[in-house]
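If you want the numbering used here, it's the 1-based position in the sequence shown plus 279. Here is the structure we will look at.
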Amino acid sequence: MVFTDKLAFLFPGQGCQHLGMGKELYNYSAIARETFEEAADIMGRDISKVCFGNSLIELNRIENMLPAILTVSVAAYRVFMNDYKVEPWICAGHSLGEYSALTCSNVITFEDALKLVELRCTIAKEAVVENRGYMTVVNGIGIHELVRVCEKKSQDGGMVTVACMNNKNQFVISGTENALIKAEEKLVRLGAQVTPMIMTPPFHSPILEPYLPKFTEVLKKIKFNKPSFPVISNITASKYNEDSCMVDLLSKQITSTVRWSEIMEYIKNEGVNMTIEMGPQAILSDLIPANISSFSFSRSSDRQEISKYIQKQNERKLNFLTRCLAVAVSVKNYNWNNEEYEQGVVKPYEQIVSLVDRIRKNNLTPSVQDMYDGIHMLKSVFITKKTPLDEQNRRIKKLISETDVEEILGNILYDM
280 MVFTDKLAFL
290 FPGQGCQHLG
300 MGKELYNYSA
310 IARETFEEAA
320 DIMGRDISKV
330 CFGNSLIELN
340 RIENMLPAIL
350 TVSVAAYRVF
360 MNDYKVEPWI
370 CAGHSLGEYS
380 ALTCSNVITF
390 EDALKLVELR
400 CTIAKEAVVE
410 NRGYMTVVNG
420 IGIHELVRVC
430 EKKSQDGGMV
440 TVACMNNKNQ
450 FVISGTENAL
460 IKAEEKLVRL
470 GAQVTPMIMT
480 PPFHSPILEP
490 YLPKFTEVLK
500 KIKFNKPSFP
510 VISNITASKY
520 NEDSCMVDLL
530 SKQITSTVRW
540 SEIMEYIKNE
550 GVNMTIEMGP
560 QAILSDLIPA
570 NISSFSFSRS
580 SDRQEISKYI
590 QKQNERKLNF
600 LTRCLAVAVS
610 VKNYNWNNEE
620 YEQGVVKPYE
630 QIVSLVDRIR
640 KNNLTPSVQD
650 MYDGIHMLKS
660 VFITKKTPLD
670 EQNRRIKKLI
680 SETDVEEILG
690 NILYDM
């Protein structure tokens, strides 16, 4: 498996909670501990006691579950960034996980995310009191048959709809208790497997529409920033962009279907070939396309593998840059114009020397752009030294082959 810069961070939602979640990270890193302390200061209660306690019932209470998942996910991301300083190509969060993704990409602050999640909990609890609803995972049935069952059982009183499309064989349905029970019974008769989600309110259901105005008013007071890296919306299954109405999309997210299978297809089409799940445990791995490598930062064994691959990748990139410098020096010069030589050879070469020194001194992670800069330096040197075109192509192809970076840089180099 080759680690490239087409990396996606994935953030899980409800259902990933478990007793002791986040404790390994908490013990491992001061940054994780600081994140838990920050959450406690914001909420006025110590969420670590719930995460590390011995009561699953207490952890599964919605007012504990959602902020706990958010806190562990943000802690995992912060520890990763502190240790490796590698930003993702793109990120996505499943349901609640979208708040984690928006927090880690600096669209919203951790404080605002916790406040929104706590309000989400309040709304959900009110909805459960009035509608007695919950959610159920459904496996082994197609989407068209599932939709027909939901529509039929909604006609009999109550409401049940598709809440999450996880992949072509796994879905989550959400609704009122009476309609859900009837739908579950019918689905079992059709050969599907159903697993009720304990103590999980009916998120992503039209049941919550009466509560949207309250949520929307709070969203309007939130400051939304430009993302540090792209975030995929649960509603559109595509990146948030400058024209995206964050208030509108996050409001609708509460009542609309999570299009996770389309999100996975989107990241596949983006060329992503590695994902790291930032959350309490690995629950999204089974939903990732087969040709994409997946890791969970919550597992120490996965953290060790991630560390090895990132270190290997960084060494390859740095080696590529130093080899670019060696090629620039070794190629014969046919241009004796001092001014052209200064501009086309000396200055570009010195810029890459400075880049390599900065990476080494500050223990930085070389980027793909840094590697492109190395190639652009070489092209400038070749042109200025009047290197024959066939020799230019031969040297670049040899450089790529010997440094084993073709999978990182792709075919773009052959088009230069």
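For each residue, glycine too, the CB sits at the ideal point set by N, CA and C.
Sequence-distant Cβ neighbours of Val660 in its own chain, meaning closer than 6 Å and more than five residues away, are Ala607 and Val624. Judged by DSSP in its simplified three-state form, Ala319 adopts helix. In the DSSP assignment, Val473 is bridged to Val417.
In the DSSP assignment, Ser609 is bridged to no other residue. Fully contained in the region 523-588 are the following alpha helix (DSSP H) runs of length 4 or more, in chain order: 525-532 and 539-548. With contacts defined by Cβ atoms closer than 8 Å, Leu466 and Val439 do not form a contacting pair.
Within the same chain, Phe576 come within 7 Å of Arg582 by CB-CB distance, once the 5 residues on both sides are set aside. Taking Ala516 as reference, the option from Glu681, Asn361 and Cys443 with the minimal CA-CA separation is Cys443. Rounded to the nearest whole angstrom, the CA to CA distance from Lys587 to Lys547 is 24 Å. DSSP, reduced to helix, strand and coil, places Leu375 outside both helices and strands of the structure shown, so it counts as coil. The shortest C-alpha to C-alpha distance from Asn333 to any of Val408, Ala371 and Lys302 is the one to Lys302.
Between His373 and Pro291 a beta carbon distance of about 6 Å is seen, short of the 8 Å cut, so the two are scored as contacting.
Here His423 is exposed. Its C-beta has fewer than 16 other C-beta atoms within 10 Å.
Selection Val526, Val647 and Phe599 evaluated against Asn504 yields Val526 as nearest (Cα-Cα).
Here Ile571 is not near Met557, since their CB atoms are 8 Å or more apart. Taken atom to atom, the span from the alpha-carbon of Ala354 to that of His297 is near 16 Å. Taken atom to atom, the span from the alpha-carbon of Val426 to that of Leu345 is near 28 Å. The beta-carbon separation of Gly437 and Thr455, rounded to 4 Å, stays under the 8 Å limit for a contact. In the three-state reduction of the DSSP assignment, Ala516 falls in the coil class, being assigned neither a helical nor a strand state.
Within the model, the alpha-carbon separation for Asp669 versus Lys676 is close to 11 Å. Pairing Gly419 with Val473, the inter-Cα distance amounts to about 9 Å. For a cut-off of 8 Å, the C-beta gap from Leu338 to Val329 is around 5 Å, short enough to register as a contact.
Under the 10 Å beta carbon count, Asn445 is surrounded by 16 or more other beta carbons and is classified as buried.
Bridge pairing for Gln630: absent [DSSP]. Secondary structure of Ile638 (DSSP, three-state): helix. The region 640-649 makes no contact with the region 604-619; the number of CB pairs closer than 8 Å stays below 3. Close CB contacts of Val632 within its chain, under the 8 Å cut and outside five residues either way in sequence, are with Leu604 (chain order).
Check the Cα spacing between Val407 and each of Pro506, Gly299, Pro481 and Gln592: the tightest is with Pro481.
The Cβ atoms of Asn614 and Lys658 do not sit closer than 8 Å to each other. Nearest to Asp435 by C-alpha distance, out of Gly550, Lys461, Leu349 and Tyr307, is Lys461. At a Cβ-Cβ threshold of 8 Å, Leu398 and Tyr378 do not count as neighbours. DSSP places Val439 inside the beta strand (DSSP E), whose first and last residues are Val439 to Asn446.
Cβ neighbours of Leu597 within its own chain (closer than 8 Å, five residues either side excluded): Val635, Ile638, Arg639 and Pro645.
For Gln434, there is no enclosing beta strand (DSSP E); the enclosing alpha helix (DSSP H) covers residues Ile422 to Gln434. When rounded, the separation of the alpha-carbon atoms in Leu491 and Ser530 is 6 Å. Taking 8 Å as the cut-off, the beta carbon of Ala371 is found closer than this to the beta carbon of Ile542.
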